[in-house]
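Undergrad:
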Amino acid sequence: MNKISGILCLLLISLSCKAALAQPNEKAEFQVRASEINPQAKEHPEIGFTFTDDKGKPIDMQHAAFDPRARSRGQLVIWLMGHNQALFDRVTSYGLHAIQPHYANRWFSLIDAKSRDDGTSLGKIRLEAATGEDFSPLVEIPQPDGMKARSVQFVKWLAEKHPAGRWEQFLTRDKNDLRWERVIVAGISHGSTTAARFAKHQRVARVVMLSGPRDQLESWQGFESVTPENCYFGFTHVLDTGWTGDHYCRSWQMLGLNKFGPLVDVDQTPFPYGNSRRLITNGDVGNNPNRAHGAAAPGGSAVKAADGSLLHEDVWRYLFTHPVGRTGDPVPFDADCTMDLKN
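As numbered in the numbering used here, the sequence shown has no gaps in its residue numbers, which increase by one up to the final residue, 1052.
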(Lines of atoms letter the chains of each structure in order from A and count residues from 1; the text may use other names and numbers.)
(Lines give C-alpha, C1' and ligand atoms only; values in the text may rest on other atoms or scores of the structure.)
Protein backbone atom coordinates (compact mmCIF):
# COMPACT_ATOMS: atom_id res chain seq x y z
CA MET A 1 0.00 0.00 0.00
CA ASN A 2 2.84 2.40 0.85
CA LYS A 3 4.44 1.75 -2.53
CA ILE A 4 1.15 2.46 -4.34
CA SER A 5 0.66 5.62 -2.32
CA GLY A 6 4.15 6.75 -3.26
CA ILE A 7 3.47 6.20 -6.96
CA LEU A 8 0.20 8.12 -6.71
CA CYS A 9 1.99 11.01 -5.02
CA LEU A 10 4.61 11.11 -7.78
CA LEU A 11 1.86 11.13 -10.42
CA LEU A 12 0.08 13.99 -8.69
CA ILE A 13 3.30 15.99 -8.45
CA SER A 14 4.02 15.36 -12.14
CA LEU A 15 0.54 16.44 -13.18
CA SER A 16 0.71 19.59 -11.07
CA CYS A 17 4.06 20.53 -12.62
CA LYS A 18 2.64 20.13 -16.14
CA ALA A 19 -0.37 22.20 -15.20
CA ALA A 20 1.86 24.93 -13.82
CA LEU A 21 3.83 25.02 -17.07
CA ALA A 22 0.62 25.41 -19.03
CA GLN A 23 -0.73 28.33 -17.03
CA PRO A 24 -1.89 31.07 -19.43
CA ASN A 25 -0.46 33.88 -17.30
CA GLU A 26 3.16 32.82 -17.60
CA LYS A 27 5.72 34.07 -20.07
CA ALA A 28 5.99 31.72 -23.04
CA GLU A 29 9.34 31.06 -24.71
CA PHE A 30 10.10 28.89 -27.74
CA GLN A 31 13.14 27.52 -29.54
CA VAL A 32 13.23 25.68 -32.85
CA ARG A 33 15.78 25.17 -35.59
CA ALA A 34 15.09 26.86 -38.92
CA SER A 35 16.07 23.65 -40.72
CA GLU A 36 13.39 21.72 -38.81
CA ILE A 37 10.39 23.86 -39.73
CA ASN A 38 11.21 24.81 -43.30
CA PRO A 39 12.08 21.98 -45.73
CA GLN A 40 13.10 24.58 -48.34
CA ALA A 41 15.80 26.07 -46.11
CA LYS A 42 19.31 25.39 -47.34
CA GLU A 43 22.88 26.07 -46.24
CA HIS A 44 25.20 28.53 -47.96
CA PRO A 45 28.67 27.77 -46.55
CA GLU A 46 30.39 30.18 -48.93
CA ILE A 47 29.02 33.04 -46.81
CA GLY A 48 29.09 31.24 -43.45
CA PHE A 49 25.32 30.64 -43.56
CA THR A 50 25.00 27.07 -42.27
CA PHE A 51 22.89 24.98 -39.91
CA THR A 52 25.83 23.80 -37.76
CA ASP A 53 29.27 25.04 -36.81
CA ASP A 54 32.54 23.22 -37.56
CA LYS A 55 31.96 20.90 -34.58
CA GLY A 56 28.44 19.99 -35.62
CA LYS A 57 26.72 22.17 -33.05
CA PRO A 58 23.42 23.63 -34.33
CA ILE A 59 23.60 27.36 -35.06
CA ASP A 60 20.24 27.76 -36.77
CA MET A 61 18.29 27.84 -33.50
CA GLN A 62 15.55 30.46 -33.52
CA HIS A 63 13.94 32.03 -30.45
CA ALA A 64 10.53 33.50 -29.76
CA ALA A 65 8.68 34.82 -26.72
CA PHE A 66 5.64 36.69 -25.49
CA ASP A 67 4.24 37.50 -22.07
CA PRO A 68 0.45 37.21 -21.65
CA ARG A 69 0.69 39.09 -18.35
CA ALA A 70 1.53 42.28 -20.27
CA ARG A 71 -1.15 44.15 -22.19
CA SER A 72 -0.60 43.28 -25.83
CA ARG A 73 0.46 46.07 -28.18
CA GLY A 74 -0.27 43.94 -31.24
CA GLN A 75 3.26 44.31 -32.61
CA LEU A 76 6.05 41.85 -33.36
CA VAL A 77 9.74 42.55 -32.77
CA ILE A 78 12.10 40.83 -35.22
CA TRP A 79 15.56 40.88 -33.65
CA LEU A 80 18.33 40.74 -36.25
CA MET A 81 21.27 39.54 -34.19
CA GLY A 82 22.14 36.69 -31.85
CA HIS A 83 19.55 35.88 -29.22
CA ASN A 84 19.54 38.36 -26.32
CA GLN A 85 17.54 37.00 -23.40
CA ALA A 86 17.69 40.27 -21.46
CA LEU A 87 16.26 42.18 -24.41
CA PHE A 88 13.52 39.60 -24.98
CA ASP A 89 12.59 39.80 -21.29
CA ARG A 90 12.10 43.52 -21.65
CA VAL A 91 10.28 43.78 -24.96
CA THR A 92 7.84 41.04 -23.96
CA SER A 93 7.18 42.86 -20.68
CA TYR A 94 6.17 45.87 -22.82
CA GLY A 95 3.44 43.76 -24.43
CA LEU A 96 5.36 42.96 -27.61
CA HIS A 97 5.81 39.56 -29.23
CA ALA A 98 9.40 38.81 -30.28
CA ILE A 99 11.27 36.47 -32.60
CA GLN A 100 14.91 36.02 -33.56
CA PRO A 101 15.13 34.28 -36.96
CA HIS A 102 18.22 32.57 -38.34
CA TYR A 103 19.33 34.46 -41.45
CA ALA A 104 22.54 35.29 -43.31
CA ASN A 105 24.57 37.60 -41.06
CA ARG A 106 28.07 36.11 -41.10
CA TRP A 107 29.05 37.18 -44.58
CA PHE A 108 30.70 40.48 -43.66
CA SER A 109 34.18 39.10 -42.92
CA LEU A 110 34.07 36.90 -46.04
CA ILE A 111 33.65 39.76 -48.53
CA ASP A 112 36.88 40.99 -50.13
CA ALA A 113 38.01 44.44 -49.04
CA LYS A 114 37.62 46.02 -52.48
CA SER A 115 33.95 45.06 -52.71
CA ARG A 116 33.34 45.80 -49.05
CA ASP A 117 34.56 49.36 -49.43
CA ASP A 118 33.20 50.20 -52.90
CA GLY A 119 30.30 52.23 -51.50
CA THR A 120 27.43 50.06 -52.78
CA SER A 121 28.04 46.36 -52.13
CA LEU A 122 27.22 46.16 -48.43
CA GLY A 123 23.75 47.64 -48.75
CA LYS A 124 22.93 45.30 -51.64
CA ILE A 125 24.07 42.23 -49.69
CA ARG A 126 22.09 43.32 -46.65
CA LEU A 127 18.94 43.69 -48.72
CA GLU A 128 19.39 40.28 -50.32
CA ALA A 129 20.02 38.68 -46.92
CA ALA A 130 16.86 40.29 -45.59
CA THR A 131 14.55 39.65 -48.54
CA GLY A 132 15.94 36.64 -50.39
CA GLU A 133 15.63 38.66 -53.60
CA ASP A 134 18.49 39.13 -56.06
CA PHE A 135 20.08 42.46 -55.21
CA SER A 136 23.79 41.57 -55.15
CA PRO A 137 26.07 39.70 -57.59
CA LEU A 138 28.36 38.79 -54.69
CA VAL A 139 25.97 36.43 -52.90
CA GLU A 140 23.18 34.05 -53.84
CA ILE A 141 20.54 33.89 -51.12
CA PRO A 142 17.25 32.42 -52.40
CA GLN A 143 13.87 33.55 -51.12
CA PRO A 144 13.34 30.72 -48.58
CA ASP A 145 16.62 31.66 -46.90
CA GLY A 146 15.99 35.39 -46.63
CA MET A 147 15.07 36.87 -43.28
CA LYS A 148 11.56 37.64 -44.53
CA ALA A 149 10.68 34.08 -45.49
CA ARG A 150 12.30 32.56 -42.43
CA SER A 151 10.37 34.96 -40.20
CA VAL A 152 7.11 34.04 -41.95
CA GLN A 153 7.78 30.32 -41.52
CA PHE A 154 8.68 30.84 -37.87
CA VAL A 155 5.50 32.79 -37.10
CA LYS A 156 3.39 30.20 -38.95
CA TRP A 157 4.97 27.48 -36.81
CA LEU A 158 4.32 29.49 -33.65
CA ALA A 159 0.70 30.10 -34.62
CA GLU A 160 0.18 26.37 -35.13
CA LYS A 161 2.05 25.20 -32.04
CA HIS A 162 0.82 27.86 -29.64
CA PRO A 163 -2.50 29.36 -30.78
CA ALA A 164 -3.04 30.90 -27.35
CA GLY A 165 -0.18 33.26 -28.16
CA ARG A 166 -2.20 34.83 -30.99
CA TRP A 167 0.78 34.73 -33.34
CA GLU A 168 -1.64 34.52 -36.29
CA GLN A 169 -2.37 38.24 -35.86
CA PHE A 170 0.97 38.93 -37.55
CA LEU A 171 0.18 36.84 -40.63
CA THR A 172 -1.70 37.98 -43.71
CA ARG A 173 -5.05 36.34 -44.37
CA ASP A 174 -3.50 33.85 -46.82
CA LYS A 175 -0.64 33.22 -44.34
CA ASN A 176 1.95 33.80 -47.06
CA ASP A 177 3.49 36.90 -45.52
CA LEU A 178 3.73 38.95 -42.38
CA ARG A 179 1.66 42.02 -41.71
CA TRP A 180 4.71 44.23 -41.83
CA GLU A 181 2.79 47.26 -40.61
CA ARG A 182 2.77 45.47 -37.24
CA VAL A 183 6.48 44.62 -37.25
CA ILE A 184 9.34 46.33 -35.41
CA VAL A 185 12.73 45.45 -36.91
CA ALA A 186 15.57 45.85 -34.46
CA GLY A 187 19.19 44.91 -34.01
CA ILE A 188 22.56 45.90 -32.65
CA SER A 189 25.67 46.72 -34.70
CA HIS A 190 25.58 44.60 -37.89
CA GLY A 191 21.95 43.75 -37.13
CA SER A 192 20.86 47.35 -36.68
CA THR A 193 22.44 48.22 -40.01
CA THR A 194 20.53 45.48 -41.82
CA ALA A 195 17.33 46.49 -40.00
CA ALA A 196 17.66 50.06 -41.28
CA ARG A 197 18.49 48.94 -44.83
CA PHE A 198 15.49 46.60 -44.86
CA ALA A 199 13.14 49.32 -43.58
CA LYS A 200 14.12 51.54 -46.49
CA HIS A 201 12.74 48.83 -48.78
CA GLN A 202 9.87 47.38 -46.71
CA ARG A 203 7.53 49.57 -44.69
CA VAL A 204 7.47 48.53 -41.04
CA ALA A 205 6.01 49.94 -37.85
CA ARG A 206 9.34 50.94 -36.31
CA VAL A 207 13.10 50.47 -36.54
CA VAL A 208 15.27 50.24 -33.41
CA MET A 209 18.98 50.73 -34.13
CA LEU A 210 21.38 49.99 -31.28
CA SER A 211 25.06 50.81 -31.90
CA GLY A 212 24.42 51.50 -35.56
CA PRO A 213 23.89 51.77 -38.46
CA ARG A 214 27.38 51.59 -39.86
CA ASP A 215 28.18 51.09 -43.59
CA GLN A 216 30.00 54.41 -43.34
CA LEU A 217 31.11 54.43 -46.98
CA GLU A 218 27.67 53.63 -48.40
CA SER A 219 24.93 55.92 -49.65
CA TRP A 220 21.80 53.79 -49.06
CA GLN A 221 21.09 55.61 -45.78
CA GLY A 222 20.05 58.58 -47.91
CA PHE A 223 17.73 56.61 -50.21
CA GLU A 224 14.02 57.35 -50.13
CA SER A 225 12.42 55.30 -47.38
CA VAL A 226 9.05 53.54 -47.55
CA THR A 227 9.14 53.48 -43.75
CA PRO A 228 8.51 57.03 -42.46
CA GLU A 229 11.65 58.69 -41.14
CA ASN A 230 10.11 59.39 -37.73
CA CYS A 231 9.81 55.62 -37.19
CA TYR A 232 13.60 55.16 -36.89
CA PHE A 233 15.07 55.25 -33.36
CA GLY A 234 18.81 55.14 -32.54
CA PHE A 235 20.81 54.70 -29.32
CA THR A 236 24.55 54.37 -28.79
CA HIS A 237 27.39 54.91 -26.34
CA VAL A 238 29.74 57.77 -27.20
CA LEU A 239 32.86 55.62 -26.60
CA ASP A 240 31.76 53.15 -29.27
CA THR A 241 34.21 53.42 -32.18
CA GLY A 242 31.22 53.67 -34.50
CA TRP A 243 30.38 56.90 -32.74
CA THR A 244 33.89 58.30 -32.36
CA GLY A 245 34.47 57.51 -36.05
CA ASP A 246 31.29 59.42 -37.03
CA HIS A 247 29.71 56.30 -38.53
CA TYR A 248 26.49 56.51 -36.54
CA CYS A 249 25.99 60.26 -36.54
CA ARG A 250 26.47 60.19 -40.32
CA SER A 251 23.89 57.43 -40.77
CA TRP A 252 21.41 59.10 -38.41
CA GLN A 253 21.60 62.36 -40.33
CA MET A 254 21.33 60.65 -43.71
CA LEU A 255 18.26 58.83 -42.39
CA GLY A 256 16.77 62.25 -41.64
CA LEU A 257 16.62 61.85 -37.87
CA ASN A 258 17.76 65.43 -37.23
CA LYS A 259 14.25 66.43 -38.37
CA PHE A 260 12.90 65.03 -35.12
CA GLY A 261 15.14 66.59 -32.52
CA PRO A 262 18.77 67.06 -31.46
CA LEU A 263 21.19 64.53 -30.06
CA VAL A 264 20.05 63.80 -26.52
CA ASP A 265 22.28 62.53 -23.70
CA VAL A 266 19.93 60.23 -21.80
CA ASP A 267 22.06 60.57 -18.68
CA GLN A 268 21.36 64.30 -18.59
CA THR A 269 17.86 64.58 -20.08
CA PRO A 270 14.99 62.61 -18.53
CA PHE A 271 12.37 60.54 -20.33
CA PRO A 272 10.89 61.21 -22.90
CA TYR A 273 14.18 62.73 -24.08
CA GLY A 274 12.57 65.61 -25.94
CA ASN A 275 10.91 63.04 -28.23
CA SER A 276 14.21 62.79 -30.12
CA ARG A 277 15.20 59.85 -32.34
CA ARG A 278 18.93 60.20 -31.59
CA LEU A 279 19.90 59.09 -28.09
CA ILE A 280 23.40 58.77 -26.66
CA THR A 281 24.96 57.83 -23.33
CA ASN A 282 28.32 58.47 -21.68
CA GLY A 283 27.68 56.05 -18.84
CA ASP A 284 30.52 54.23 -17.10
CA VAL A 285 31.80 51.30 -19.16
CA GLY A 286 35.30 51.31 -17.70
CA ASN A 287 36.56 53.39 -20.63
CA ASN A 288 36.31 50.23 -22.75
CA PRO A 289 35.24 50.83 -26.38
CA ASN A 290 34.36 47.17 -26.86
CA ARG A 291 32.02 47.21 -23.88
CA ALA A 292 30.66 50.55 -25.10
CA HIS A 293 29.65 48.88 -28.37
CA GLY A 294 27.43 46.44 -26.50
CA ALA A 295 26.21 48.92 -23.89
CA ALA A 296 23.26 50.09 -25.99
CA ALA A 297 21.47 46.78 -25.38
CA PRO A 298 20.39 45.22 -22.09
CA GLY A 299 22.87 42.62 -20.91
CA GLY A 300 26.30 42.27 -19.40
CA SER A 301 27.82 45.28 -21.18
CA ALA A 302 25.00 47.69 -20.28
CA VAL A 303 25.65 50.64 -17.97
CA LYS A 304 24.91 49.69 -14.37
CA ALA A 305 24.05 51.46 -11.13
CA ALA A 306 25.94 50.80 -7.89
CA ASP A 307 23.44 48.09 -6.94
CA GLY A 308 23.95 46.28 -10.25
CA SER A 309 20.66 47.33 -11.84
CA LEU A 310 20.71 48.56 -15.43
CA LEU A 311 20.45 52.33 -15.81
CA HIS A 312 18.75 52.56 -19.19
CA GLU A 313 15.46 50.76 -18.59
CA ASP A 314 13.48 53.87 -19.55
CA VAL A 315 15.54 54.25 -22.73
CA TRP A 316 14.77 50.74 -23.98
CA ARG A 317 11.08 51.14 -23.24
CA TYR A 318 11.14 54.46 -25.12
CA LEU A 319 12.89 53.00 -28.15
CA PHE A 320 10.36 50.19 -28.55
CA THR A 321 7.12 51.85 -27.46
CA HIS A 322 7.29 55.66 -27.74
CA PRO A 323 4.49 56.86 -30.06
CA VAL A 324 6.05 57.52 -33.46
CA GLY A 325 3.82 60.55 -33.94
CA ARG A 326 5.48 62.39 -31.06
CA THR A 327 8.68 63.99 -32.27
CA GLY A 328 11.09 66.71 -31.32
CA ASP A 329 11.66 69.87 -33.34
CA PRO A 330 13.93 69.78 -36.41
CA VAL A 331 17.55 70.88 -36.04
CA PRO A 332 20.37 71.41 -38.57
CA PHE A 333 23.03 68.79 -39.25
CA ASP A 334 25.65 68.61 -36.51
CA ALA A 335 28.67 70.49 -37.83
CA ASP A 336 31.15 68.23 -36.04
CA CYS A 337 29.84 65.07 -37.74
CA THR A 338 31.93 64.21 -40.80
CA MET A 339 29.61 63.13 -43.60
CA ASP A 340 32.26 62.15 -46.18
CA LEU A 341 34.32 59.33 -44.70
CA LYS A 342 35.82 58.08 -47.96
CA ASN A 343 38.98 60.15 -47.57
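Ideal placement from N, C-alpha and C gives every residue a C-beta, glycine not left out.
1) Please confirm whether G970 and R986 have their CB atoms less than 8 Å apart.
2) Is DSSP giving D1049 helix, strand or coil here?
3) Going by DSSP, what residue range makes up the alpha helix (DSSP H) through R1000?
4) Would you give the residue range spanned by the beta strand (DSSP E) that M770 belongs to?
5) Taking the alpha-carbon positions, what's the F980 to A750 distance?
6) Out of curiosity, what's the CA-to-CA distance linking G841 and K884?
7) Tell me the rounded alpha-carbon separation between I756 and A813.
8) Out of G791, A905 and R915, state which residue places its alpha-carbon closest to the alpha-carbon of F932.
9) Is it the case that the stretch 942-950 contacts the stretch 989-1008, given that we only count it when at least three CB pairs across the two stretches are under 8 Å?
10) For E849, which residues does DSSP report across the bridge?
11) Which residue marks the beginning of the beta strand (DSSP E) containing L796, and which one marks its end?
12) DSSP state of W952, grouped into three classes?
13) Can you name, in chain order, every residue of its own chain whose Cβ lies under 6 Å from the Cβ of T1047, other than the five neighbours on each side?
14) Starting from H806, trace the beta strand (DSSP E) both ways and give me its first and last residue.
15) Taking the continuous beta strand (DSSP E) assigned at A1014, which residues delimit it?
16) Pick out whichever of A908, T990 and A839 has its Cα sitting closest to the Cα of G855.
17) Apart from the five residues on each side of it in sequence, which residues of its chain come closer than 7 Å, Cβ to Cβ, to R1000?
18) Over the uninterrupted beta strand (DSSP E) stretch that includes I834, give me the two end residues.
19) For the stretch 907-957, which segments carrying the beta strand (DSSP E) assignment without a break, of at least 3 residues, lie completely within its bounds, in sequence order?
20) Within the same chain, show all residues whose beta-carbon is closer than 6 Å to that of S934, passing over the 5 residues directly before and after it, in chain order.
21) For L887, write down the residues that DSSP places opposite it in a beta bridge.
22) Can you grab the Cα-Cα spacing for the pair R815 / E752, in whole Å?
TA: Quick look at the numbers:
1) yes
2) coil
3) P998 to G1003
4) M770 to F775
5) 43 Å
6) 18 Å
7) 8 Å
8) A905
9) yes
10) DSSP lists no partner for E849.
11) No beta strand (DSSP E) holds L796; the alpha helix (DSSP H) holding it covers Q794 to S802.
12) helix
13) D955
14) H806 to Q809
15) Unbroken run through A1014: none, as it is neither H nor E.
16) A839
17) V994 and S1010
18) Not the beta strand (DSSP E): I834 falls in the alpha helix (DSSP H), residues S830 to T840.
19) 915-919 and 941-946
20) K909
21) L880
22) 12 Å
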